[in-house]
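Undergrad:
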Amino acid sequence: MVMFEVSRVETTPFDGQKPGTSGLRKKVKVFVQPHYLHNFVQSTFNALTAQKVKGATLVVSGDGRYFSKDAIQIIIKMSAANGVRRVWVGQNGLLSTPAVSAVIRERLGADGSKATGAFILTASHNPGGPHEDFGIKYNMENGGPATEAITDKIYENTKSMKEYFIAEDLPDVDISTIGVTSFQGPEGQFDVDVFDSASDYVKLMKSIFDFESIHKLLTSPKFNFCYDALHGVAGAYAKCIFVEELGANENSLLNCTPKEDFGGGHPDPNLTYAKELVARMGLGKTKPEQEPPEFGAAADGDADRNMILGKRFFVTPSDSVAIIAANAVQSIPYFSAGLKGVARSMPTSAALDVVAKHLNLKFFEVPTGWKFFGNLMDAGLCSICGEESFGTGSDHIREKDGIWAVLAWLSIIAYKNKDNLNEGKLITVEDIVTQHWATYGRHYYTRYDYENVDAGAAKELMEYLVKLQSSLPDVNKIIKGIRSDVSHVAQSDEFEYKDPVDGSISKHQGIRYLFTDGSRLVFRLSGTGSEGATIRLYIEQYEKDASKTGRDSQEALAPLVEVALKLSKMQEFTGRSAPTVIT
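The opening residue of the sequence shown carries number 3 in this note's numbering; numbering runs sequentially from there.
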């Protein structure tokens with residue numbers, strides 16, 4: 003057995019190692035600086051209680067982006083030096099973010115060990131490669147992201163770092179081969195267990211969904227589908243689940259080979275970046291050569307996000323979570339006993355609120371960040387939740403889960419078509435959505451993203467919007483001057499959330515303008531980019547009249563869009579005449 007020694011390395015702090023809602027994200031060139039990653043990892047170990055480190059089991063894996071393999075070896079060596087007992091690594095360093103959550107919650111080691119936390123190496127939907135983004139986040143023993151108390155502690159530690167511990171003489175571990183490698187150090191044995199990336203997650207999915215009914219759907223001549231992993235880690239699961247378990251054709255899979263640079267693309271599952279899938283589904287600028295499939299879906303880099311498409315039809319994430327909640331009890335065995343409650347992030351449309359009211363379910367509106375959902379789930383208050391940024395999930399794990407959302411949709415389609423796969427007309431994705439609108443009304447909804455805006459300008463814009471809120475009569479006067487056909491603002495505020503579970507208060511979560519007819523304008527600064535600031539503008543109009551739910555979304559929202567841009571002086575503050583992305 004190879005022996006190793008522990009080295010104490012002197013270091014100095016780096017500025018700006020503050021973890022956002024999903025960990026620390028920076029350009030690769032920042033992470034590869036000597037000591038940079040080491041400082042953050044040591045700051046994390048120092049923020050945890052001794053029993054979460056000494057003798058503990060940690061998961062270390064990620065979405066496979068550039069620099070991941072080097073980072074995994076560094077974290078293994080630092081774990082050994084800090085007294086961790088064993089590190090679990092997905093084969094080739096690959097584990098989707100939802101799979102990491104599942105592994106923490108479900109996996110038992112051969113010796114009966116269970117993981118108490120994980121370092122996940124991902125920058126989610128941001129691009130990868132030598133000149134692009136890298137990220138690291140810590141997840142807790144419930145499988146969810148570190149709480150604010152822990153991330154604040156990590157950040158405080160980064161500001162006073164003087165030393166870190168590393169087993170420099172520990173040889174690199176072969177993470178491409180499944181098996182356990184054991185070493186001997188000053189505190190005893192240290193193991194690195196490389197395991198199959200997919201098996202624990204697939205087992206969990208099979209316990210939630212009726213794979214037999216989905217198999218019938220996917221093998222029916224009436225139904226075809228397309229799944230695009232955008233060269234992210236979802237590709238490590240797609241073949242196993244959709245082809246081997248559920249019987250789909252292999253040609254249903256698009257870009258399902260994980261790549262360090264995501265094939266040079268932007269692994270963000272939206273209408274702008276999932277170009278190939280969008281074209282195949284008949285939603286591109288040119289007509290596809292073949293008839294589009296009935297169902298299409300895409301994932302982001304770490305497979306926690308999803309986009310759902312029908313033939314020539316886009317399902318908004320806000321509608322998606324509402325439709326899953328409305329149909330879950332009948333369609334998905336895991337929920338057959340009923341839902342405990344539902345929740346959405348504040349910027350997400352109120353489509354879920356209407357379903358909760360109809361079905362008499364507990365309902366929660368939380369700040370952006372999955373950890374808020376996790377608290378509700380741990381307390382048994384929430385079964386299904388979602389956010390407008392293409393994140394949907396349930397209490398089976400404590401992260402959003404892109405493949406789960408796809409299987410949920412396939413379950414709903416299979417249930418709706420259980421009697422007509424042999425004869426009769428297929429009930430399509432578009433049918434399911436339009437039936438939902440007829441029952442619950444439609445929330446016309448769009449999001450404008452202004453990416454990499456000068457941080458100072460973005461801050462000034464937000465301060466201006468807060469200042470405007472001091473006089474609603476003035477706001478309404480400005481609005482009437484822009485569009486006379488838009489209703490009055492009834493209320494405006496900065497969203498604040500008091501957690502019903504732990505009583506913690508989250509302030510400055512977004513600026514809201516709420517109109518008398520149920521329309522909303524929301525402005526937020528996003529913490530998920532690695533450079534500059536991203537301003538997100540959310541525009542929503544509720545329509546109860548079933549005869550008016552079939553309008554073109556951009557046309558229905560045009561008056562509110564004009565009001566939002568002029569009221570906020572978006573172009574004046576940012577210099578941008580158009581958003582980077584419209585969803």
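Yeah, the Cβ is synthetic: ideal placement off N, Cα and C, and Gly gets one too. In this text, all values refer to a predicted model and were calculated from it rather than measured experimentally.
Count Cβ pairs between the region 466-477 and the region 542-558 that sit closer than 8 Å; are there 3 or more?
TA: The region 466-477 vs the region 542-558: no contact.
Undergrad: Measuring CB to CB, does I216 end up less than 8 Å from A410?
TA: By 1-based counting over the sequence shown, the position of residue 216 is 214. By 1-based counting over the sequence shown, the position of residue 410 is 408. Cβ distance not < 8 Å, so I216 and A410 don't count as in contact.
Undergrad: Does the structure place the region 381-388 close enough to the region 342-349 that three or more beta carbon pairs sit under 8 Å?
TA: yes
Undergrad: With distance defined between alpha-carbon atoms, name the residue in F297, E278, A300, D302 nearest to E586.
TA: The structure shown does not extend to residue 586, since the chain is modelled only from 3 through 585, so no value can be given for it.
Undergrad: Identify whether H217 lies in helix, strand or coil by the three-state DSSP scheme.
TA: Translated into the one-based positions of the sequence shown, residue 217 becomes position 215. It is helical.
Undergrad: Return yes when at least one heavy atom of the ligand NAD lies under 7 Å from the C-beta of G388, else no.
TA: Questions concerning the ligand NAD fall outside what the structure shown contains, since it holds no ligand whatsoever.
Undergrad: Three-state secondary structure (DSSP) at H37?
TA: As a position in the sequence shown, residue 37 is number 35, starting the count at 1. Here H37 sits in coil by DSSP.
Undergrad: For the alpha helix (DSSP H) that contains R282, what are its first and last residues?
TA: What you label residue 282 is simply residue 280 of the sequence shown in a count that begins at 1. 277-282 is the span of the alpha helix (DSSP H), which, as asked, contains R282.
Undergrad: Going by C-alpha to C-alpha distance, which of P295, A460, T23, E425 sits closest to M572?
TA: In the sequence shown, residue 572 corresponds to position 570, counting from 1. Considering only alpha carbons, the answer is A460.
Undergrad: Determine the burial state of N257: buried for a count of at least 16 other Cβ atoms within 10 Å of its Cβ, exposed for fewer.
TA: Within the sequence shown, numbered from 1, the residue matching residue 257 stands at position 255. Buried, since its Cβ has 16 or more Cβ neighbours within 10 Å.
Undergrad: Leaving out the 5 sequence neighbours to the left and right, which residues in its chain are closer than 7 Å to G95 when beta-carbon positions are compared?
TA: Residue numbering aside, residue 95 sits at position 93 when the sequence shown is read from its first letter. Excluding residues within five positions, the ones whose Cβ falls inside 7 Å are S63, G64, G66, S70, K71, I74, I177.
Undergrad: Taking the beta strand (DSSP E) that T576 falls in, what are its first and last residues?
TA: The sequence position of residue 576 within the sequence shown is 574, counting from 1. Looking at the DSSP string, T576 is not in any beta strand (DSSP E); the run it does join, the alpha helix (DSSP H), is 572-576.
Undergrad: Whose C-beta lies closer than 6 Å to the C-beta of L273 among residues of the same chain, with five residues either side of it excluded?
TA: To locate residue 273, count along the sequence shown from 1; it is residue 271. Excluding positions up to five away in sequence, the list reads V280.
Undergrad: Check Q1 in the structure and name its three-state DSSP category.
TA: As displayed, the chain neither begins before 3 nor continues past 585, which places residue 1 out of reach and without an answer.
Undergrad: Report back the beta-carbon spacing between I152 and A49 to the nearest angstrom; my notes put them in contact at under 8 Å.
TA: Here residue 152 refers to the residue found at position 150 of the sequence shown. Here residue 49 refers to the residue found at position 47 of the sequence shown. The Cβ separation is near 6 Å, so the contact holds.
Undergrad: Tell me whether L428 sits in a helix, a strand or coil according to DSSP, three-state version.
TA: As a position in the sequence shown, residue 428 is number 426, starting the count at 1. L428: coil per DSSP, three-state reduction.
Undergrad: Determine whether the beta carbon atoms of T99 and I77 lie at a separation below 8 Å.
TA: Numbered from its first residue, the sequence shown carries residue 99 at position 97. Numbered from its first residue, the sequence shown carries residue 77 at position 75. No, these two residues do not count as a Cβ contact at 8 Å.
Undergrad: Starting from the C-beta of T576, find all residues in its chain whose C-beta is less than 8 Å away, skip the five residues before and the five after it, and write them out in chain order.
TA: Taking the sequence shown and counting its residues from 1, the one referred to as residue 576 is at position 574. Contacts found: Y452, V455, D456, A459, A460, L463, I537.
Undergrad: Using DSSP with H/G/I as helix, E/B as strand and the rest coil, what is Y68?
TA: The sequence position of residue 68 within the sequence shown is 66, counting from 1. Reduced to three states, the DSSP call for Y68 is coil.
Undergrad: Which word fits V4, buried or exposed, when buried means at least 16 other C-beta atoms lie within 10 angstroms of its C-beta?
TA: Locating residue 4 in the sequence shown gives position 2, counting from the first residue. With fewer than 16 Cβ atoms within 10 Å of its Cβ, V4 is classed as exposed.
Undergrad: By the 10 Å Cβ neighbour count, where 16 or more other Cβ atoms means buried, how is N251 classified, buried or exposed?
TA: In the sequence shown, counting from the first residue as 1, residue 251 sits at position 249. With fewer than 16 other Cβ atoms within 10 Å, it is exposed.
Undergrad: With which residues is P147 paired in a DSSP beta bridge?
TA: In the sequence shown, residue 147 corresponds to position 145, counting from 1. Paired residues: N141.
Undergrad: May I have a chain-ordered list of the alpha helix (DSSP H) segments no shorter than 4 residues that lie completely inside the region 189-270?
TA: 201-210, 213-220, 237-240
Undergrad: Helix, strand or coil: which one does DSSP assign to I77?
TA: Counting from 1 along the sequence shown, the entry for residue 77 is found at position 75. In the structure shown, I77 sits in a helix (DSSP, three-state: H, G or I).
Undergrad: Helix, strand or coil for L539, going by three-state DSSP, please let me know.
TA: Along the sequence shown, read from residue 1 onward, the residue named residue 539 stands at position 537. Looking at L539 - three-state DSSP - the assignment turns out to be strand.
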